[in-house]
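As structure tokens, the structure follows; a few thoughts come after it.
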Amino acid sequence: MAAEEAQRSQETVGDSEGVNCLAYDEAIMAQQDRIQQEIAVQNALVSERLELSVLYKEYAVDDEIYQQKIKDLHKKYTYIRKTRPDGNCFYRAFGFSHLEALLDDSKELQRFKEISAKSKEDLVTQGFTEFTIEDFHNTFMDLIELVEKRSSISDILGAFNDQSISDYLVVYLRLLTSGYLQREHQFFQHFIEGGRTVKEFCQQEVEPMAKESDHIHIIALAQALNVSILVEYMDRGEGGATNHHVFPEGSVPNVYLLYRPGHYDILYK
Amino acid sequence: MEGRYNLKSPAVKRLMKEAAELKDPTDHYHAQPLEDNLFEWHFTVRGPPDSDFNGGIYHGRIVLPPEYPMKPPSIILLTSNGRFEVGKKICLSISGHHPETWQPSWSIRTALLAIIGFMPTKGEGAIGSLDYTPEERKALAKKSQDFYCEGCGAHMKTVLHPLTLDSNSSRADEEAKELARQISFKAEVNSSAQSTTEPLKTSSSNHSFATVESQLEDLPRDMQEESPQVKAEIQNTTVSSPEEHAQPVPAGNIPASPRRRRTQPQSDRRVSASPGLTQAQPPRMNAGSTILIVLLTLALAVLLFRRIYLANNYIFDYEL
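Shown next, in the form of structure tokens:
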């Protein structure tokens, strides 16, 4: 028995040494990869449309703040479409929600297509390298054409769940956001924390994948594409109802998103 | 090459485009995929003219991940240069702990300019970095021109265009410096390192030594290198002005880690008799303590067992 114990303690010694051997940074990265994989297995990049009532089950029955807020949300919205919480959810949610809405709005579709087609030139003029951004732009335009051909929702959903197409769309929307922030840097400079320039902010918080989005990203993208976005904010705050905010202020929204700390999903009336 | 790759793959599409874009050498850099592998490139960069690397022409490999450009390329120098270790993977930092992160709209050209821009910055004990003296670097720069790469058949003397002083060329210089301010290099831990003294002593006439990686350098040292403290150093020193590079770093400035000691200028290194001695010490100490722990544990087990045996003598009725 004691011998067994000795062996066990030997093992623990070996184990802890093994952990130390792994460089911290690499270990953290490996763990992040594992977490990402787990998230990927459990969540589609963009899910099917679900009854909003699925939200009730995500919180404990006695979690009154959230249960009450979901109830309130339910008065205004009927369905939800979830996105994978991978740091790119805002862009994916926005992209899908808007393209889906364009299926029934050919006038807006034409306007959106035009502005999107022209957007690459603007980025190139600003100094982005044409041959590196054109693949992302082409993917974005292909998706818009998919909508123009009046493809079924399941085709569009399929494209959004194809990792490489979906990620290229995210890259392009990030580039558009970065481009707009940099064009309007004099205005946005006031909202950037940590003494960084707008350009530095874009290189650190906008263009790299998996960097989460905040107000400033949403305002920039909404204005870059001239699309109005409404975000319902649901958190532990008091009040029994979600707060919403429209970007840009005072516009008529055509994309509805639900924000819960760190994550965006798509809402439907 | 077109026939062998799936042109629908975003990485293949992009790399084909980059290969076409970089087909002609400039006076600063050149890079092309190997004939038989679109995902491995060889590159050549010219050392920045206003630095100790002036006149140097440096050669290396770029390895592209299948997810490129969503994931960054890895870069391996093959020419001794006194700034980056030879044969060790340095990759654009992708760690979430660093503010400088790979962007899919960057390209191989961005990476090449980043290397050029990064050469005159201080190594500061970062992994994969070397802080050789200006004299050593100048000597290596001169020597680098004789390098011939057997892998891609490039002669350093002829692979780049002669240096011109037109606007394009100085723009590339500016871009390189700008990039060096944004990007940080970080070594991959799993690729084992060259021993520090080797690059100086080894002839640069072929690069096969680059792949013969020193097995001496095993995990325990990597563990110490990657301590948060050292990481912080790396982060803090990414923005260092080119003028600073020539100064030998004052010793008391930065907490001495084993890594730090390893990257002292050559004069310091010569004092520590043989390279094997300093290098092997941390692992040996570690192995020693492990053996000690195991032995003590076993001894304890034997004592415990004996005690139990004695206490229960009347139950076990056999001879020990």
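Chains as they are written, first to last, in full-length UniProt numbering: chain A, 1 to 269; chain B, 1 to 320.
Glycine is no exception: its CB is placed at the ideal position from the N, C-alpha and C atoms.
In this chain, the beta strand (DSSP E) harbouring serine 74 of chain B covers 74-77. Annotated three-state conformation of alanine 210 of chain A is coil, per DSSP. Per the C-alpha coordinates, the member of B:Thr79, B:Glu178, B:Leu112 and B:Arg83 positioned closest to lysine 143 of chain B is B:Thr79.
The Cβ of tryptophan 41 of chain B sits no closer than 9 angstroms to any Cβ of chain A.
Taking C-beta separations shorter than 6 angstroms and ignoring five residues to either side along the sequence, the partners of phenylalanine 201 of chain A in its chain run Ile192, following chain order. Within chain A, the C-beta atoms nearer than 8 angstroms to that of glutamine 103 of chain B come from Gln203, Glu207 and Pro208, in chain order. Listed as beta-bridge partners of tyrosine 259 of chain A by DSSP are A:Tyr233 and A:Tyr264. Excluding residues up to 5 positions away in sequence, Arg14 and Pro104 lie with their Cβ nearer than 6 angstroms to the Cβ of proline 69 of chain B in the same chain.
Put simply, the CB of leucine 169 of chain A is far from chain B, with every gap to its CB atoms at 9 angstroms or more. DSSP, reduced to helix, strand and coil, places asparagine 138 of chain A within a helical segment of the structure shown.
Straight-line spacing of the CA atoms in proline 208 of chain A and serine 152 of chain A works out to 31 angstroms. For the set B:Arg137, B:Phe84, B:Lys177 and B:Gly117, the Cα lying nearest the Cα of glycine 128 of chain B is the one of B:Phe84.
For glycine 60 of chain B, the three-state secondary structure derived from DSSP is strand.
Contact annotation for isoleucine 133 of chain A against chain B: Ser105 [CB-CB distance below 7 angstroms, chain order]. When the five nearest sequence neighbours on each side are left out, no beta carbon in the same chain lies closer than 8 angstroms to the beta carbon of leucine 292 of chain B.
Secondary structure of phenylalanine 94 of chain A (DSSP, three-state): helix. Bounds of any beta strand (DSSP E) do not take in arginine 183 of chain A; it lies within the alpha helix (DSSP H) bounded by 163-183. At least 9 angstroms separates the beta-carbon of phenylalanine 96 of chain A from that of valine 227 of chain A. Looking at the DSSP output, histidine 244 of chain A bridges to A:Glu232. Beta-bridge pairing by DSSP links glutamine 223 of chain A to no other residue. Residue nearest to glutamate 249 of chain A within the set A:Ala220, A:His74 and A:Gly194 is A:Ala220 (criterion: CA-CA distance).
For phenylalanine 160 of chain A, there is no enclosing beta strand (DSSP E); the residue is part of the alpha helix (DSSP H) that begins and ends at 153-160. In this structure, DSSP gives leucine 50 of chain A an extended state, which the three-state scheme calls strand. Residue contact with chain B for threonine 177 of chain A: absent (no Cβ-Cβ distance below 9 angstroms to any residue of chain B). Residues of the stretch 52-83 of chain A with a Cβ closer than 7 angstroms to any Cβ of chain B: none. CA-to-CA, the gap between valine 12 of chain B and phenylalanine 128 of chain A works out to about 21 angstroms. Burial check for glutamine 203 of chain A: the Cβ neighbour count within 10 Å reaches 16 or more, so the residue is buried. Residue environment: glutamine 182 of chain A is assigned as buried (16 or more neighbouring CB atoms within 10 Å of its CB, all protein chains considered). Rounded to whole angstroms, the gap between the alpha carbons of lysine 82 of chain A and glutamate 58 of chain A is 13 angstroms.
In this structure, DSSP gives serine 106 of chain A a helical state, which the three-state scheme calls helix. Pairing aspartate 131 of chain B with serine 107 of chain B, the inter-Cα distance amounts to about 28 angstroms. By the criterion of at least three beta-carbon pairs nearer than 8 angstroms, the stretch 25-42 of chain B is in contact with the stretch 151-162 of chain B.
In the structure shown, the three-state DSSP call for glutamine 203 of chain A is helix.
By alpha-carbon distance to isoleucine 216 of chain A, the top candidate from A:Phe90, A:Leu50, A:Tyr79 and A:Glu145 is A:Phe90. In the three-state reduction of the DSSP assignment, leucine 113 of chain B falls in the helix class. With fewer than 16 other Cβ atoms from the protein chains shown falling within 10 Å of its own Cβ, glycine 194 of chain A counts as exposed.
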